[in-house]
Each structure stands twice: as structure tokens, then as C-alpha cells.
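Below is one structure, written out as C-alpha cells, with a few remarks after it.
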Amino acid sequence: MKKCWFGRCIFISWYCDVGSCKFCYRSTQKARIKHAKNARRSLPSMIVEAILAKNLGWRIEFLTGGYKVFSIDELVEIARVISKVYGEKIWLNLGALNEKELEKFKPYVKGVVASIETVNKELHKKICPDKDISKYEEMLQIEGFKKSITIVVGLGEKRKDVELLKKFIAKYKLDRITFYALKPVPGTCYSEGPSTEDYCYWISQIRESFPDLEIIAGTTLRRVGEVSKVLEAGADAITKFPATKKFGSKEAKVLEGEVKKAGREFVSSLTKLPSVDWEKEVDKLDIENKEGVKEKLFLYLEKMKSL
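Pasting the structure below:
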């Protein structure tokens, strides 16, 4: 039976220095946050998510967050710690990094993700006016790292644009792609996401052309009922579900049922905590502030047990 897993993104902050992408939640928040440092997440909270991921069979989708909130050296240290806690190298989605910057991450990072969102360049200019697609293209040509992109379905693209995406994947020899179905955010110009049919069309077309490409597909609380169709269309794994906030919820159970319905073995858990001595999990780590990490971890676990 083919395996399927859940990919958990670890966010480093809730602020973005770009903050102008027309579909993004952060575009509605930038004006409210006077100082980027106030939107940083604490390192213990990030460590806790890596601990949970390791013990619940989640893969770390990537380390991500708002651009220009941390210095490069701070980001390298975060990547080092998260990689050590999780037990393997991780993926980065932190904007367009140059070769000199990426070299610093090399001991802890296996791949880089370019948040392209759409490969239709005219649409990209309208939707993401301050994210220069050429900078991402330069990053995707840097050797020594696996390569991935993110694509949002529902931004105004046409089905014929899938041919542009196929050319992009082939040109940059991508190892992975993450699809998201647009989730309309109040305060943006979007009021509805794509149909299940449209979302699955993009996934199936890319799977057909690239049988060995790793395809990750995002879902939300409102879209969990389509997960089996998304997997049948060609996705390998599921991401974006609010796993800690909705752990053990009816939506989490629906998601796991959808994976089974698609004939896949789900190697992650969104409904059942493992029998683990969590204190020992923290004690065995070579990290600072273990008590702070334990405090955060037990807050997470308490919430996850309450549903």
C-alpha cells in the first residue's frame, strides 16, 4: 500500500516585510504590526513543533515565515536547532536567498522552496508585485540543494497555464512541488477558492507529466472532504491542515478517513497521541532552555488532548 504523510510547516513569525501579495493574510497584518520583532515566534515554540513532528510521524514541510524578520545568522541558528531536534536536514522557504546565504545553511538544510505562487508572469506581477520572480529563478539554479516551489490554485490562472508550469518544472529540474487551493482571506480581493475539480486538475496534470515528482497538497478545515480526490489525482502527501489546533477533531478524523478511502497508508497521526515520556524527549536533546521548551510542550499537549 502506498504511503501518505502529513507535512507540517514551522513558522518563524507572523510578519512579512513584503506584505503586498494580494491573496495573503500577512498583507492584511503589516500595517497593524509596528515592529517586526514583536511578531517573532520564540525558539522554544518552534522546537516544540519539531518534537511533535518527530513523534507523530509528521514531516517538516519547510521552515517558513515572514521575510526580513530575522537576520541570516539568526535564521541559520534556527535551522540548525530545528534540524538537530528533528533528526534530519530540513527544507527552507524564506524568500529568495543568494548562494552566499544558502551556503551557511548547507549543514542543516537539504532543499529550498521558491514561493512562486503562479508561473504566469503577468498574473504574478499583479498578485505579487514586490516578489521578483527572477530572484527565485536564480535561487533555483544554485547547486547543492533539492528544489521545490509553491503554487496557489485560484489566483486567476487559466487551465492552459499548466503548460507554463510544466516547462518551469522541467527547466529547473524540481524535486518537489506544493499546491495550495486558495483560501479567501477577509480584507483581500478574493472571495472564493477553486473548485475541487480545478484543484485536482492541476495536480493530475503535473502527476501525469512528472511521475517521479513529489507532490504535496494543502487542505483546510473546509476542504478535508476532498482529500481522497486530491490523493487520487496524484498528491503524495497533505499539508496546511491546522494539526495542533484541530488535533483529534472531527475534521482530523475526516482527513484520516479520506486518506484510507484513497487506498493509502497514513504514516502520520492527527488524532492519537503516542505513548511517549515527553519530559525525556526534551531531556535527551542538546538544546538550551529545556525548562522553557517543556513548559511550551505541555501547553501544546494540553490543548491537543482537549478536543
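Each residue of the sequence shown is one higher than the last, beginning at 31 in the working numbering.
C-beta: ideal position from N, C-alpha, C; glycine also.
Could you check if residue i is buried or exposed, using at least 16 other CB atoms within 10 Å of its CB as the buried criterion?
{"i": "serine 57", "result": "In this predicted model, serine 57 has a pLDDT of only 49, less than 50, meaning its place in the structure is not dependable; the value taken from the coordinates is given anyway. It is buried - the Cβ of serine 57 has at least 16 other Cβ atoms within 10 Å."}
{"i": "lysine 335", "result": "exposed"}
{"i": "asparagine 123", "result": "buried"}
{"i": "arginine 189", "result": "exposed"}
{"i": "proline 74", "result": "buried"}
{"i": "serine 113", "result": "buried"}
{"i": "glycine 117", "result": "exposed"}
{"i": "glycine 217", "result": "exposed"}
Taking the C-alpha atoms as reference points, what is the distance between residue i and residue j?
{"i": "leucine 195", "j": "lysine 156", "result": "18 Å"}
{"i": "leucine 82", "j": "tryptophan 88", "result": "8 Å"}
{"i": "lysine 310", "j": "lysine 320", "result": "11 Å"}
{"i": "cysteine 342", "j": "phenylalanine 92", "result": "No statement about residue 342 is possible, as the shown extent of the chain runs from 31 to 337 and does not include it."}
{"i": "valine 78", "j": "glycine 223", "result": "32 Å"}
{"i": "lysine 333", "j": "glutamate 168", "result": "42 Å"}
{"i": "leucine 127", "j": "isoleucine 207", "result": "18 Å"}
{"i": "lysine 60", "j": "aspartate 103", "result": "Only weak support exists for where lysine 60 lies, its pLDDT of 49 falling under 50; the coordinates are left without a value."}
{"i": "asparagine 85", "j": "arginine 71", "result": "22 Å"}
{"i": "lysine 213", "j": "arginine 253", "result": "10 Å"}
{"i": "isoleucine 120", "j": "glycine 95", "result": "15 Å"}
{"i": "lysine 290", "j": "valine 297", "result": "11 Å"}
{"i": "leucine 331", "j": "lysine 197", "result": "44 Å"}
{"i": "serine 305", "j": "alanine 282", "result": "19 Å"}
{"i": "proline 241", "j": "glutamate 295", "result": "19 Å"}
{"i": "glycine 37", "j": "serine 299", "result": "11 Å"}
{"i": "alanine 144", "j": "lysine 161", "result": "11 Å"}
{"i": "leucine 105", "j": "lysine 134", "result": "10 Å"}
{"i": "phenylalanine 318", "j": "isoleucine 90", "result": "Checking the sequence shown, residue 318 turns out to be glutamate, not phenylalanine. C-alpha separation (whole angstroms): 21 Å."}
{"i": "tyrosine 185", "j": "isoleucine 108", "result": "Tyrosine is not the amino acid found at residue 185; the sequence shown has leucine there. If I take the Cα positions, the gap works out to 32 Å."}
{"i": "serine 221", "j": "phenylalanine 209", "result": "19 Å"}
{"i": "serine 101", "j": "glycine 322", "result": "23 Å"}
{"i": "arginine 10", "j": "proline 137", "result": "The question about residue 10 has no answer, for the chain in this structure spans 31 to 337."}
{"i": "alanine 265", "j": "leucine 303", "result": "25 Å"}
{"i": "lysine 165", "j": "glutamate 129", "result": "11 Å"}
{"i": "tryptophan 232", "j": "asparagine 150", "result": "14 Å"}
{"i": "valine 324", "j": "valine 284", "result": "Reading off the sequence, residue 324 comes out as lysine, not valine. One C-alpha to the other measures close to 31 Å."}
{"i": "glutamate 131", "j": "glycine 125", "result": "11 Å"}
Is it true that the CB of residue j sits closer than 8 Å to the CB of residue i?
{"i": "serine 178", "j": "aspartate 205", "result": "yes"}
{"i": "glycine 293", "j": "methionine 76", "result": "no"}
{"i": "valine 142", "j": "phenylalanine 175", "result": "yes"}
{"i": "isoleucine 163", "j": "isoleucine 146", "result": "yes"}
{"i": "valine 139", "j": "leucine 315", "result": "no"}
{"i": "lysine 280", "j": "threonine 250", "result": "no"}
{"i": "arginine 237", "j": "alanine 211", "result": "no"}
{"i": "valine 260", "j": "cysteine 230", "result": "yes"}
{"i": "cysteine 158", "j": "cysteine 51", "result": "yes"}
{"i": "isoleucine 42", "j": "valine 99", "result": "yes"}
{"i": "threonine 301", "j": "glutamate 286", "result": "yes"}
{"i": "tryptophan 350", "j": "leucine 329", "result": "Since the displayed the chain opens at 31 and closes at 337, residue 350 lies outside it and no answer follows."}
{"i": "alanine 69", "j": "tryptophan 44", "result": "yes"}
{"i": "alanine 200", "j": "cysteine 34", "result": "no"}
{"i": "glutamate 187", "j": "threonine 148", "result": "yes"}
{"i": "leucine 170", "j": "tyrosine 202", "result": "yes"}
{"i": "valine 192", "j": "aspartate 228", "result": "no"}
Given 8 Å, three or more beta-carbon pairs between the segment 272-281 and the segment 228-246: No: the two stretches stay apart, fewer than three of their Cβ pairs being nearer than 8 Å.
Whole runs of the beta strand (DSSP E) within the segment 150-193, excluding any shorter than 3 residues: 176-183
For a minimum of 4 consecutive residues, which ranges assigned as the alpha helix (DSSP H) are wholly contained in the segment 97-158? 102-116, 129-135, 151-157
Jot down the residue ranges of each uninterrupted beta strand (DSSP E) in the segment 246-270, minimum 3 residues, whole runs only, in chain order. 267-269
Hey, which unbroken runs of the alpha helix (DSSP H) at 4 residues or more fall wholly within the segment 269-310? 280-291
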